[in-house]
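Residue numbering for the sequence shown follows the working numbering, starting at 1 and increasing by one per position. Note sheet for the following structure.
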Amino acid sequence: MSHCPFCKKKIAMSKAFCSRNCKENYFQLIAIQVPKPFLKRIYVFCNPEQREEEIENFANRHGWRIDLLKNKIDELAAESGFSEDKNNN
Ligand SMILES: [Zn+2]
């Protein structure tokens, strides 16, 4: 047994992904690049509403799915320690 690299579901060894959807999401997620200065700006200088707006614009500008971009940003923010700020507001 092997695992789908996107949703972690168990799949047959002969398959790389459980579905075409997962394959597309996986490669789109890899393609998403979030520059550090952007991440810093939206967490340090924006309130939650402005942050949402910035993320939406960023996704539209690059043609990325907003939910995938948000996942990526949450992940990076946690890694960089930015998401802790949420508790201080
Ligand atoms: Zn999957």
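Note that beta-carbon positions come from the ideal geometry of N, C-alpha and C, so glycine has one too.
If you draw a straight line from the C-alpha of Glu79 to the C-alpha of Arg51, how long is it?
18 Å
Assess contact between the stretch 20-33 and the stretch 61-79, defined as three or more Cβ pairs (one per stretch) separated by less than 8 Å. Is contact present?
yes
Just how far apart, CA to CA, sit Phe6 and Cys18?
9 Å
Inspect the beta-carbon positions of Lys8 and Met1 and report whether they are closer than 9 Å.
no
Which ranges would you report for the beta strand (DSSP E) in the stretch 33-86 if only whole runs of at least 3 residues count?
none
From what residue to what residue does the alpha helix (DSSP H) around Lys8 run?
Per DSSP, Lys8 belongs to no alpha helix (DSSP H) and is neither H nor E.
Do you know offhand how far Glu53's Cα is from Gly81's?
21 Å
Count the other C-beta atoms from every protein chain shown that fall within 10 angstroms of the C-beta of Ala77, then say buried if there are 16 or more, exposed otherwise.
buried
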